[in-house]
Amino acid sequence: MKFFSGYHLKRAPNRIETKVFAIPIDHETTLNDLKIAQTACIINFYNENEAIKKVEAMGLRCGENVVILQKLGRGIVVKTNNSRIVLTTDVAENVRVK
Amino acid sequence: MTKSIKIALAGNPNVGKTTLLNHAAKTHLKIGNWSGVTVEKKEGFLTYKGYDLHFVDLPGIYTLEPISEDEWIACRFLKEEKPDIIVNIIETSSAERDLLLTTELLEFGKPMVIALNMSDEARKHGIEVDHEHATKLLDIPVIKTNGKKGEGVSDLLDAIIDSVKSQRLPKVPQYNREVEQALLSITKTSQQEKLDKHTLLERLADNTMGNGEKSDLESYFNKNISGIIKNERYAFAHGFYSDTFRKKKFTAKDLTDKIDKIVLHPVLGIFIFLSVMFLLFKISFDFSTPFMNWTEGFINDFLSPLSQSLLSNVGAGNWLSQFFSQAIIGGVGFVITFLPLVAMIFFLLSLLEMSGYMPRIAFIMDRFMHKLGLHGKGMIPLLLGFGCNVPAVMATRTLDNKRDKLLVMTMIPFMSCPARLVVFSFFAFLFFDHPAFIIFGLYLLGIVVGLLTAFVLRKTAYKGQLSHFVMELPPYRTPRMRTVLQITWAQVKSFLHRAGTVIFAASIVVWLLLNIPTNRQNPSESAAAYIGKMITPVLKPIGIKDWRISTSLIPAFLAREIVLSSMGTIYSADEPPQHKDFHFIPALEHQVIGLGEATKSSVLSLFTPDVETFQTDEGSHSLRTVIRSSFTTASALSFMIFLLLYNSCMATVAVMAREGGKKFALLFLAYSFFIAWITAFIVYHIGGLF
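What follows is the structure in structure tokens.
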């Protein structure tokens, strides 16, 4: 079976289904620097700490597109596929996006 | 002979594991629409087609690399307790995320069944699954289920039995050649029994097996070993997803996103939160008050004379008659009066929990909470504390950090539960012109004391950087009325059970103490009075000077409502027995008419903007009048504050000891007594000036 040999992380360029007036960005930055409604693709993570492992397991993975739904204090709500995840700025600054 | 099958229900948080179990095993376990409802192993049993099925519902996990305590419980069970079969429940619309855990579970090489749950929601998102192809690829049954309606549950049960009977094993994921070779190599060096792939990967990663395979892989891929394994698992999960799931072009805007635009708004969000809390309070009181009044009338004007008349007809002795009127009607009946309020609070809290709004409150409040050095996620256990402190303390297991967990635990007992509300509503009604404001004020005081406690601890004993905050926001879901009513009924049963056991037992003990010695002239010479008088000097500075109140406070440590049942029993002993003429049919008619009027008043109260509670005529019931004579307004307020702040009940202390250690629980008990006494003292003396 072909998937047993590994697909690795090749993704379609845009997999966000829900249109939240997403505004794409054209440069590399961190999730922390995105504004509300901006969309970007996760490139990699600067850190491999517990929090990053957790957000990866929750669906924020390399190659996934994310859109910022809300920012409030230190909290950020991002949406990827059908999941909405809250993470704090100290975690978001380790997520590199483009 | 029936064969027993131990089934582990594993999956990501909030995918409907407990809902499926409730359908399969006809259990009534608590469910909710947020991550972390199940924080400990829950069990369900079913005999099906000659098999004894033993379900173990595990806390939700995203991966087998646990961080928080609830995640550790799930992982430990899966790795160490060797279930006969794993049922992996997947939320179909978020399957790609869930498949990481599936991949890890497949590595165990154990019999397994996949339940693709919430298939109805996935269809709405334009997601289709080729489950037959999925079955073929993994060589395990893949069943579509709908936990809400119980669809697919019988197929799931059949698949479980077939898989165990035939010992059908899954195809274990194959990773890239280099990783597979490394695993083969370390297997050869192992002298131990055959290990499953998951354990081998763990040994490879922690370098406890093999001869340098870990460093070889790291240098080959120029990546650390956990990164290599993680990539392989994600690749497998993604590959499987791409082969079996299809997404239609879907452009409609999600309803959850629309609602979140308002609910998560920085300003509107706060306004909505406060409005929701106000409505919770208003509806609970306004809707239940007419029913509480009716229940009180039903007990005092129907059940009590009916039982007295039956007892006199059968020639029962005077002591039995006294026991019935003092311990049962005066004690247990007094507490039962508040059942409508308790039911309404749980009904509304269940609605809130199942809607998906709870985690949003955590997000909105984090900006305030973190300024006090607290974690936004801690809001969920605090809100649960308004339902019952015991599950709220358990819910702190979802917090990733031990320090945050202990901090939130020190706040929970200050959140007023319905047991305390029962006492507050009685006293506020008796002593204040605006009882609703007094009760609301007491709730606020509890919150303020909880916040101050945590703030001080954060600056002293639990210093340190505030940990990160990572949480999932579920989609909004319309609560199923049947499920909400089932949860409410479970809570009502628990309240009635407490009334029939602990409260009843406490009433009997208090009644016996009131009647010892048998030759006493009046209750003030009884053993109960002796005990009460002994502790009165401690309580005198806060305005509690009457032995009858001091005695009532002692058993209240078991459960807060007991303070009322004990008072009911003690004060009834002072009352001369009342013998009324009782005619069954007119009395029953009166009660039925009264119930109809109570229902009408309850429904009408929902359409008024203010809190109308307790606008009824002042109780003429003699027991209330007698209790009223023992308090001043200041001492009643001080008494309520003492009950609010002194650690909620014995069950809470026990669960705090289990979760935070005995020393922690005992220190908190002493602290809560101190803070309760000091606050009550200040309020009593300031209140006395007016």
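So the protein lines, in turn, are chains F and C.
Residues in the first sequence are numbered from 8 upward in steps of one, following the numbering used here.
Residues in the second sequence are numbered from 4 upward in steps of one, following the numbering used here.
No residue lacks a Cβ here, since even glycine has one placed at the ideal position from N, Cα and C.
Through-space distance from residue j to residue i, alpha-carbon basis
i	j	result
His57/C	Arg400/C	25 Å
Ile89/C	Ala137/C	17 Å
Leu469/C	Ala422/C	33 Å
Leu160/C	Glu43/C	23 Å
Val104/F	Glu71/F	10 Å
Pro478/C	Gly359/C	6 Å
Ser122/C	Phe243/C	18 Å
Ile92/F	Glu100/F	15 Å
Ile155/C	Ile146/C	Sequence check: residue 155/C is Gly here, not Ile. Between Gly155/C and Ile146/C, the C-alpha separation is close to 7 Å.
Lys496/C	Val452/C	31 Å
Asp238/C	Ser169/C	One point to set straight first is that residue 238/C is Ala, not Asp, in the sequence displayed. Distance between the alpha carbons of Ala238/C and Ser169/C: 30 Å.
Leu598/C	Asp257/C	44 Å
Phe417/C	Met357/C	24 Å
Val270/C	Trp550/C	51 Å
Thr521/C	Trp322/C	11 Å
Glu72/C	Gln489/C	29 Å
Span of the alpha helix (DSSP H) around residue i
i	result
Ala657/C	653-663
Ser373/C	The residue you asked about is not Ser; residue 373/C is His in the sequence shown. Premise fails: His373/C is in no alpha helix (DSSP H) and is neither H nor E.
Val452/C	438-462
Ile552/C	550-556
Phe48/C	Careful: Phe48/C lies outside any alpha helix (DSSP H), inside the beta strand (DSSP E) at 45-51.
Lys2/C	As shown, chain C starts at 4 and ends at 693. That puts residue 2/C outside it, with no answer to give.
Glu475/C	Unbroken run through Glu475/C is the beta strand (DSSP E), 473-476; no alpha helix (DSSP H).
Ala594/C	Looking at the sequence itself, residue 594/C is Gln, so the reference to Ala does not match. Unbroken alpha helix (DSSP H) run through Gln594/C: 587-608.
Leu342/C	342-358
Asn25/C	20-28
8 Å Cβ cutoff, residue i in contact with chain F
i	result
Pro558/C	no
Val473/C	yes
Gly379/C	yes
Arg370/C	yes
Lys9/C	no
Arg100/C	yes
Ser96/C	yes
Thr456/C	no
Leu119/C	no
Leu448/C	no
His500/C	no
Glu68/C	yes
Span of the beta strand (DSSP E), counted from its first residue to its last, around residue i
i	result
Arg206/C	Run containing Arg206/C: none in the beta strand (DSSP E); it sits in the alpha helix (DSSP H), 200-209.
Val102/F	102-104
Thr95/F	90-95
Met121/C	No beta strand (DSSP E) holds Met121/C; DSSP gives it neither H nor E.
Cys48/F	45-52
His57/C	54-60
Thr87/F	82-87
Arg249/C	248-250
Ser7/C	6-14
Asn72/F	72-79
Proximity test, Cβ basis, 8 Å: residue i and chain C
i	result
Asp40/F	no
Gln45/F	no
Lys105/F	no
Glu57/F	yes
Ile92/F	yes
Val73/F	no
Asn54/F	no
Asp97/F	yes
Val84/F	yes
Val62/F	yes
Asn51/F	no
Integer Cβ distance of residue i from residue j, believed to fall under 8 Å
i	j	result
Leu448/C	Ile644/C	7 Å
Gly39/C	Pro16/C	6 Å
Ile596/C	Ala531/C	Not a contact, Cβ separation roughly 39 Å.
Glu564/C	Val425/C	5 Å
Ile49/F	Leu67/F	6 Å
Gln494/C	Phe349/C	4 Å
Ile339/C	Ile302/C	7 Å
Arg370/C	Leu79/F	6 Å
TODO: Could you tell me whether the segment 77-93 of chain C touches the segment 180-188 of chain C, using the rule of 3 or more Cβ pairs below 8 Å?
DONE: no
TODO: Count the C-beta pairs between the segment 497-514 of chain C and the segment 8-27 of chain C that are closer than 8 Å, then say yes if the count reaches three, no if not.
DONE: no
TODO: Pair every Cβ in the segment 66-83 of chain C with every Cβ in the segment 206-225 of chain C, then say whether three or more of these pairs are closer than 8 Å.
DONE: no
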